[in-house]
Ligand code: CA
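Numbering (this note's numbering), first residue to last: 332 to 768.
Next up, the structure:
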């Protein structure tokens, strides 16, 4: 549902908000948690606009927002956004409307809010919610097919992939915000042709370009969320990098799925773009005539007409040799995903599992149908057999120490504003110990 906050003609008085190609025009208004870098001050919620952040805690102190919007801003002033997430879409929407009316050119209360702006370049971020649980799905048919051919070339395609959204329970303790680095993980692997496994630093370290979404209001245990109500329980979307040790994964994963291959680190972008902000960029989910029918409990009332999200996704790499130059690795769109966020969430709860505000859910690697759209090095280098050539002449099959992976996402559609997610970046450091046998 579009409203006045999506009007592409809106401009803003905040520096940088109207810049062509910018991520944070007044039509976006994503939420995050920040403080002035290095300052002894509390983390609190903020909203990105242009080059600035609206400090919601300061705005509450000045009484800028009233009514439900004021209550939502008060909840967002805390050191995590769980309280705001728990309030539900009516409150989120009220705050978005109040922010839009204040931040747009000629906006009301603009003078009050001017003193509540903090430059993004002087801010640092925290993970925007206290994440109780983290779940990661596998919803790209292209990623499923490619990874299947690479890991198990003789195995048939997964028979359940188009009947239910496949997932595993991840680890929330190691979810970090963009900019956090990590040491190459140690683990047990079985090198090709080796009779027995070895222990040591992963030699096949990878990234996975995913979207993440945060749960808004939760549900009681034993009370599933129906498919047509699922979106009301989704606060918004971020970029997510599910760093993966492929050699550990290949050895450990059968039959229970990934464990140490993925639990050492997950990166999220600092800004959460709300479902309301994403409304103009919805699209149909891809379905083919040969696909099985979607069972009724996962079938939204409107079919699959608006289930998808046309979010452009781009991954690039910086190496020790390239310095700050970013070299492109892949480019795709989240519109290729087979299952919608609502279907993932409804499926997650259908057996009675309770979700809580701030839970994080990953979509799985977002790969597209053609070469160059693969969302991880495993696919781009086809299991390490076809090295990827970088713009500076280097090649990669998997990540090397000192590599920085940068993910970006944005939405563009004729007749609507361009909105973006900012970036999600992380650097691989050398392993802490070298205890190879
Ligand atoms: Ca994943």
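For glycine and all other residues, C-beta sits at the position ideal for the given N, C-alpha and C. Remember, it's a predicted structure, so these values are computed and weren't measured experimentally.
Helix, strand or coil for residue i per DSSP?
{"i": "residue 643", "result": "strand"}
{"i": "residue 541", "result": "strand"}
{"i": "residue 766", "result": "Because residue 766 sits at a pLDDT of 47, beneath the cut-off of 50, its placement in the model cannot be relied upon, and the following sentence gives the value as read from the coordinates. Reduced to three states, the DSSP call for residue 766 is coil."}
{"i": "residue 576", "result": "strand"}
{"i": "residue 383", "result": "strand"}
{"i": "residue 700", "result": "coil"}
{"i": "residue 614", "result": "strand"}
{"i": "residue 742", "result": "strand"}
{"i": "residue 336", "result": "helix"}
{"i": "residue 472", "result": "helix"}
{"i": "residue 500", "result": "strand"}
{"i": "residue 684", "result": "coil"}
{"i": "residue 569", "result": "strand"}
{"i": "residue 554", "result": "coil"}
{"i": "residue 341", "result": "coil"}
{"i": "residue 629", "result": "helix"}
Would you say the beta carbon of residue i comes nearer than 7 angstroms to a heavy atom of ligand 1?
{"i": "residue 696", "result": "yes"}
{"i": "residue 757", "result": "no"}
{"i": "residue 583", "result": "no"}
{"i": "residue 539", "result": "yes"}
{"i": "residue 573", "result": "yes"}
{"i": "residue 324", "result": "Outside the shown range of the chain, which is 332 to 768, sits residue 324, and nothing can be said about it."}
{"i": "residue 784", "result": "Shown here, the chain extends from 332 to 768; a query on residue 784 therefore has no answer."}
{"i": "residue 464", "result": "no"}
{"i": "residue 467", "result": "yes"}
Which residues in the same chain as residue i place their Cβ atom closer than 6 angstroms to its Cβ, once the five residues preceding and following it in sequence are excluded?
{"i": "residue 669", "result": "470 and 472"}
{"i": "residue 666", "result": "614, 639 and 641"}
{"i": "residue 422", "result": "399 and 403"}
{"i": "residue 632", "result": "559"}
{"i": "residue 497", "result": "469"}
Measuring only the C-alpha atoms, how far is residue i from residue j?
{"i": "residue 339", "j": "residue 429", "result": "17 angstroms"}
{"i": "residue 754", "j": "residue 602", "result": "9 angstroms"}
{"i": "residue 479", "j": "residue 740", "result": "26 angstroms"}
{"i": "residue 372", "j": "residue 546", "result": "27 angstroms"}
{"i": "residue 579", "j": "residue 356", "result": "42 angstroms"}
{"i": "residue 729", "j": "residue 520", "result": "15 angstroms"}
{"i": "residue 766", "j": "residue 514", "result": "Interpretation of residue 766 is limited by its pLDDT of 47, a score under 50 that renders its predicted location unreliable; the figure taken from the coordinates is listed afterwards. So the alpha carbons of these two residues sit roughly 14 angstroms apart."}
{"i": "residue 560", "j": "residue 550", "result": "11 angstroms"}
{"i": "residue 671", "j": "residue 616", "result": "7 angstroms"}
{"i": "residue 391", "j": "residue 566", "result": "21 angstroms"}
{"i": "residue 407", "j": "residue 450", "result": "19 angstroms"}
{"i": "residue 572", "j": "residue 662", "result": "15 angstroms"}
{"i": "residue 664", "j": "residue 698", "result": "8 angstroms"}
{"i": "residue 445", "j": "residue 750", "result": "22 angstroms"}
{"i": "residue 386", "j": "residue 443", "result": "12 angstroms"}
{"i": "residue 693", "j": "residue 653", "result": "30 angstroms"}
{"i": "residue 696", "j": "residue 709", "result": "11 angstroms"}
{"i": "residue 534", "j": "residue 727", "result": "12 angstroms"}
{"i": "residue 734", "j": "residue 691", "result": "26 angstroms"}
{"i": "residue 495", "j": "residue 401", "result": "40 angstroms"}
{"i": "residue 623", "j": "residue 677", "result": "19 angstroms"}
{"i": "residue 589", "j": "residue 436", "result": "50 angstroms"}
{"i": "residue 439", "j": "residue 763", "result": "54 angstroms"}
{"i": "residue 456", "j": "residue 524", "result": "45 angstroms"}
In its own chain, which residues sit with a C-beta less than 8 angstroms from the C-beta of residue i, not counting the 5 before and 5 after it?
{"i": "residue 492", "result": "469, 472, 475 and 669"}
{"i": "residue 507", "result": "458, 513, 596, 597, 598, 599 and 757"}
{"i": "residue 441", "result": "344, 433 and 434"}
{"i": "residue 333", "result": "610 and 611"}
{"i": "residue 747", "result": "337, 339, 358, 611 and 612"}
{"i": "residue 527", "result": "521"}
{"i": "residue 582", "result": "519, 520, 521 and 528"}
{"i": "residue 465", "result": "500, 501, 502, 503, 506, 597, 690, 691, 692 and 693"}
In the DSSP output, which residue or residues are listed as bridge partners for residue i?
{"i": "residue 729", "result": "Beta-bridge pairing links residue 729 to no other residue."}
{"i": "residue 661", "result": "646"}
{"i": "residue 513", "result": "759"}
{"i": "residue 597", "result": "506"}
{"i": "residue 450", "result": "383"}
{"i": "residue 717", "result": "Residue 717 is not bridged to any residue."}
{"i": "residue 456", "result": "365"}
{"i": "residue 465", "result": "691"}
{"i": "residue 530", "result": "519"}
{"i": "residue 562", "result": "Paired residues: none, contrary to the question."}
{"i": "residue 430", "result": "None, per the DSSP bridge assignment."}
{"i": "residue 735", "result": "649 and 758"}
{"i": "residue 750", "result": "742"}
Got a sec: is the Cβ-Cβ distance from residue i to anything in chain D below 8 angstroms?
{"i": "residue 469", "result": "Any reference to chain D falls outside this structure, which holds one protein chain only."}
Sorted by chain position, which residues of the same chain lie with C-beta nearer than 7 angstroms to residue i's C-beta, five sequence neighbours on each side aside?
{"i": "residue 681", "result": "555 and 628"}
{"i": "residue 683", "result": "552, 553 and 555"}
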